[in-house]
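This report concerns only the one structure given below.
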Amino acid sequence: MRPGGRLRWAALAFGLACMLVLAVAALTAPEHLSPPQLALKNAAPPALPPLGADDRGRPLLEYALQGARVVALPSAVAGLLVMVLAVGGGLLSCVGSGKANTVIQALGEVVGALPRMLVVLVVALVVPRDARGLMPLALTWAVLAAPGAMDEAASVAQRLGGARFVEALRAHGYSGLRIFGWHVAALNLRPVVVRQGAEVTMQVVFLEIALSYLAVAEDQPSFTHADSMVSWADLLKLGYPAIVLGEPTLHALGLGLGLVGLVATFALSLGIAARAR
Amino acid sequence: MGRWWLRPAVRLVAALLLPVLVPAIITALIWALPGDPASIICPPESCGGTEVLAARWNLDAGPMAFFQGWMQAALEGDFGKSWRLMQGVAVAELLTSAVPNSLLLIALALVPLSLGSVLTAQGRLPSQADPLLQVVGLVPALVLALMAAAVVELTWGANSFSTQGGLARLLAGALVLGLADGALSGTITGTRALFETENKQRYVGVAVLRGERRLANTFPNVAPALAGQLRARVLHLLSGAVVVEAVLRIDGIGDLLWAGTLQQDFGVVLAAATGFALLSSTLLVVQAVVEIAVAWHVRRAPDLGAVAGGEAR
Chain A
1 MRPGGRLRWA ALAFGLACML VLAVAALTAP EHLSPPQLAL KNAAPPALPP LGADDRGRPL
61 LEYALQGARV VALPSAVAGL LVMVLAVGGG LLSCVGSGKA NTVIQALGEV VGALPRMLVV
121 LVVALVVPRD ARGLMPLALT WAVLAAPGAM DEAASVAQRL GGARFVEALR AHGYSGLRIF
181 GWHVAALNLR PVVVRQGAEV TMQVVFLEIA LSYLAVAEDQ PSFTHADSMV SWADLLKLGY
241 PAIVLGEPTL HALGLGLGLV GLVATFALSL GIAARAR
Chain B
278 MGRWWLRPAV RLVAALLLPV LVPAIITALI WALPGDPASI ICPPESCGGT EVLAARWNLD
338 AGPMAFFQGW MQAALEGDFG KSWRLMQGVA VAELLTSAVP NSLLLIALAL VPLSLGSVLT
398 AQGRLPSQAD PLLQVVGLVP ALVLALMAAA VVELTWGANS FSTQGGLARL LAGALVLGLA
458 DGALSGTITG TRALFETENK QRYVGVAVLR GERRLANTFP NVAPALAGQL RARVLHLLSG
518 AVVVEAVLRI DGIGDLLWAG TLQQDFGVVL AAATGFALLS STLLVVQAVV EIAVAWHVRR
578 APDLGAVAGG EAR
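Going down the list, the sequences are from chains A and B.
Going by our numbering, the first residue of the first sequence is number 1, and it counts up by one from there.
Going by our numbering, the first residue of the second sequence is number 278, and it counts up by one from there.
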């Protein structure tokens, strides 16, 4: 096997392992954090394995699991939505529909005319308090990111030859499913579509962390999850005083940053795994 | 070439519509929420006199009357008063102090991006650095902003809110915005891809053989695409500014929007969102002007096809 091939397989294995871990963590997350145990306040990982405790002696493992539950489904749905729309954009470009391409471009111009965070915050503002969750924000983010992904997929399809490529394969007697599903989408659009989907998944996780952190820092309820839940942002909030005030919460900061790094590596690895040979 | 004006015209129309559409949509959303708008400002169970409040905030005559009144006042520079965040304070006052800070932050953040773009266009930045930049670009704005906030607080201590501390926050925020979320790496790879594609064109090879500079030939042709990339980049920075300003406590329009959203202060959100829409409109106008200027420049150039045809005749 060539070195590039080995790297792609390793990246794919890592990406799938991350997805599996995230899914298991989300499914096994407790409904509520354990009751405080002040004797274990800020316990380091060796004192309360595997991840240590918060400032009330509650295990940080529960923070990590609940955070996974907050982000797992919405980020996956957002990533999948972008992938589906990107494939649609690429296929439309192959069909040779000039009007559809113009409409997509115009839509992209309109949707992309405003900063994404502004739109997300307006959506967060109007979601009723009892219906708050990451899903509406994740879907909004995906819709805002989709025109860019569709445009990039359409460019790839155009470089491929667009309608002429499809015509050539039809001349070989290939079925529509084989042409569009296998040759266009799976073989040629895959690198762009998977990378875009992975990036949006990562961006939604980071959006959740950012919005939750900003809310928690102001002692306000988060827009992204119920008050009974905590997110990975709480780990950063808990750990930040370790740098500024020297409090013994460096393990919480390390865990929070580690999770952020893991999500970024996950997105990067899926992009590498989907690269064209 | 015949319809060169279409794209800039669409952008100019969008630029005109955005500052009206954004507050109109938010107004519609206020009325779409469960319960009447006045009870959102002040829930009846916690305070009486909701009708009086509704009359004071012009909420009692329906969304159309509210929107028309708000727009008319906004055109005269009066954005109403804060509903919850700083009750009774004129929003225009808040905007006056916030907008310059945000503009300065974005302008400073554009310095590394512009440098990266120029050096890439000149071919001075090796493409070998791209993977490293892309890895750095994966770091989210929140994490970099927290690190920057820690550095500022550790360096300036109690003085971190003094004038010098404020400047340090602004510079740190600009650096964070310039690096985080793939801002710098996106700029460099985008510019590189644009120029690499253009440099493959035949006219560039001919120009180089004639002893002309490559960049001087390619620049007019890539200028509209560069303007588009610049607009996307500034929008990206404006989006990130919300997080960076809130974490680094920079009194900007992003921080104002965040605080208004958190407090459900529609008065502030309406004005801040309109401010964002105005900035977005300005970017659209800039892009349209670049496109018009390039089209004008290209149309001024001699029509080589016609010249060649004339010689043949």
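From the three backbone atoms N, C-alpha and C, an ideal C-beta is built for every residue, glycine too.
For residue i, report the span of its alpha helix (DSSP H) as first-last.
| i | result |
| --- | --- |
| Thr468/B | 460-476 |
| Asp54/A | Asp54/A -> no alpha helix (DSSP H), and no H or E assigned at all. |
| Asn498/B | 491-525 |
| Gly148/A | 134-160 |
| Ala422/B | 418-433 |
| Arg312/B | Residue identity differs from the one stated: residue 312/B is Gly in this sequence, not Arg. Counting along the chain, Gly312/B falls outside any alpha helix (DSSP H), and DSSP gives it neither H nor E. |
| Val413/B | 407-414 |
| Thr224/A | Counting along the chain, Thr224/A falls outside any alpha helix (DSSP H), and DSSP gives it neither H nor E. |
| Thr373/B | 368-398 |
| Asp355/B | Looking at the DSSP string, Asp355/B is not in any alpha helix (DSSP H), and its letter there is neither H nor E. |
| Leu255/A | 250-273 |
| Ala215/A | 190-217 |
| Ser225/B | Nothing in the structure corresponds to residue 225/B, since chain B is present only between 278 and 590. |
Rounded to the nearest angstrom, what separates residue i and residue j at their Cα positions?
| i | j | result |
| --- | --- | --- |
| Phe180/A | Gly258/A | 40 angstroms |
| Ala331/B | Ala338/B | 9 angstroms |
| Gly587/B | Gly98/A | Note that Gly587/B scores 46 on pLDDT, short of 50, meaning its location in the model is unreliable and no value can be drawn from it. |
| Leu7/A | Leu268/A | 12 angstroms |
| Gly256/A | Val70/A | 14 angstroms |
| Ala163/A | Ala565/B | 31 angstroms |
| Ala523/B | Leu214/A | 7 angstroms |
| Gln297/B | Val562/B | Checking the sequence shown, residue 297/B turns out to be Val, not Gln. Roughly 16 angstroms separates the two Cα atoms. |
| Ala449/B | Met424/B | 10 angstroms |
| His574/B | Thr397/B | 24 angstroms |
| Thr104/A | Phe553/B | At residue 104/A the sequence reads Ile, which differs from the Thr that was named. When rounded, the distance between both Cα atoms is 24 angstroms. |
| Ser359/B | Val216/A | 23 angstroms |
| Leu293/B | Val299/B | 11 angstroms |
| Ala585/B | Tyr480/B | Here the model assigns Ala585/B a pLDDT of 49, short of 50, so the residue's position is not dependable, and the following value carries that caveat. Answer to the nearest angstrom: the Cα atoms are 16 angstroms apart. |
| Ala185/A | Pro35/A | 50 angstroms |
| Ala589/B | Ser93/A | The predicted position of Ala589/B is uncertain, since its pLDDT is 42 and thus under 50; a value taken from the coordinates is nonetheless stated next. Approximately 39 angstroms between the Cα atoms of the pair. |
| Ala309/B | Phe343/B | 14 angstroms |
| Leu16/A | Val368/B | 49 angstroms |
| Leu283/B | Ser394/B | 28 angstroms |
| Val95/A | Trp281/B | 25 angstroms |
| Phe206/A | Leu85/A | 22 angstroms |
| Val126/A | Ala10/A | 43 angstroms |
| Leu250/A | Leu539/B | 28 angstroms |
Please say whether residue j and residue i have beta carbons closer to each other than 8 angstroms?
| i | j | result |
| --- | --- | --- |
| Ala460/B | Leu390/B | yes |
| Ser437/B | Glu430/B | yes |
| Val520/B | Leu419/B | yes |
| Val204/A | Ala138/A | yes |
| Ala76/A | Thr201/A | yes |
| Leu40/A | Gly57/A | yes |
| Leu534/B | Leu27/A | no |
| Leu189/A | Val166/A | no |
| Val82/A | Ala23/A | no |
| Asn42/A | Pro248/A | yes |
| Ser212/A | Ser231/A | yes |
| Leu447/B | Ile530/B | no |
| Leu51/A | Leu60/A | yes |
| Ala168/A | Val192/A | no |
| Ala142/A | Ala78/A | yes |
| Arg510/B | Thr466/B | no |
| Leu199/A | Thr224/A | At residue 199/A the sequence reads Glu, which differs from the Leu that was named. Taking 8 angstroms as the Cβ cut-off, Glu199/A and Thr224/A do not qualify as a contacting pair. |
Residue i: beta carbon under 7 angstroms from a heavy atom of the ligand GDP?
| i | result |
| --- | --- |
| Leu447/B | This structure lacks the ligand GDP; in fact it carries no ligand of any kind. |
Exercise for review: Inspect the CB distances between the stretch 306-317 of chain B and the stretch 532-543 of chain B and report whether three or more fall short of 8 angstroms.
Suggested key: yes
Practice item. Please determine if the stretch 455-466 of chain B and the stretch 255-273 of chain A are in contact, where contact requires at least 3 C-beta pairs separated by less than 8 angstroms. Key: no
Practice item. Could you tell me whether the stretch 88-105 of chain A touches the stretch 146-154 of chain A, where touching means 3 or more Cβ pairs closer than 8 angstroms? Key: yes
Point to revise | Contact residues within the stretch 232-250 of chain A, judged by C-beta distance below 7 angstroms to chain B | key: Leu236, Tyr240, Ile243, Val244
Point to revise | Residues from the stretch 496-511 of chain B in contact with chain A, defined by Cβ distance under 8 angstroms | key: Ala509
Review point. Going along the chain, which residues of the stretch 189-207 of chain A sit with their C-beta nearer than 7 angstroms to a C-beta in chain B?
Key: Phe206
Check your understanding: Is it a yes or a no for the stretch 463-480 of chain B touching the stretch 504-512 of chain B, going by three-plus beta-carbon pairs under 8 angstroms?
Key -> yes
Point to revise | chain B contacts made by the stretch 15-45 of chain A, where a contact means CB separation under 9 angstroms | key: none
Review point. Counting Cβ pairs closer than 8 angstroms, one from the stretch 292-306 of chain B and one from the stretch 334-348 of chain B, do we hit at least three?
Key: yes
Check your understanding: Of the residues that make up the stretch 531-550 of chain B, which ones have a beta carbon closer than 9 angstroms to any beta carbon in chain A?
Key -> Gly531, Leu534, Trp535, Ala536, Gly537, Thr538, Leu539, Gln540, Gln541, Phe543, Val546, Ala549, Ala550
Practice item. Please name the residues in the stretch 405-418 of chain B whose beta-carbon is closer than 9 angstroms to at least one beta-carbon of chain A, in chain order. Key: Gln411, Val412, Leu415, Val416, Pro417, Ala418
Check your understanding: Any residues in the stretch 206-222 of chain A with a beta carbon nearer than 7 angstroms to a beta carbon of chain B? Which ones, in chain order?
Key -> Phe206, Ile209, Ala210, Tyr213, Leu214, Ala215, Glu218, Gln220
Check your understanding: Which residues, taken in chain order from the stretch 123-141 of chain A, show a beta carbon closer than 7 angstroms to some beta carbon of chain B?
Key -> Ala124, Leu125, Val126, Pro128
Review point. If you measure beta-carbon to beta-carbon, which residues of the stretch 423-441 of chain B are closer than 7 angstroms to chain A?
Key: Leu423, Ala427, Glu430, Leu431
Exercise for review: Can you give me, in chain order, the residues of the stretch 102-114 of chain A that have a beta carbon less than 8 angstroms from any beta carbon in chain B?
Suggested key: Ala106, Glu109, Val110, Gly112, Ala113, Leu114
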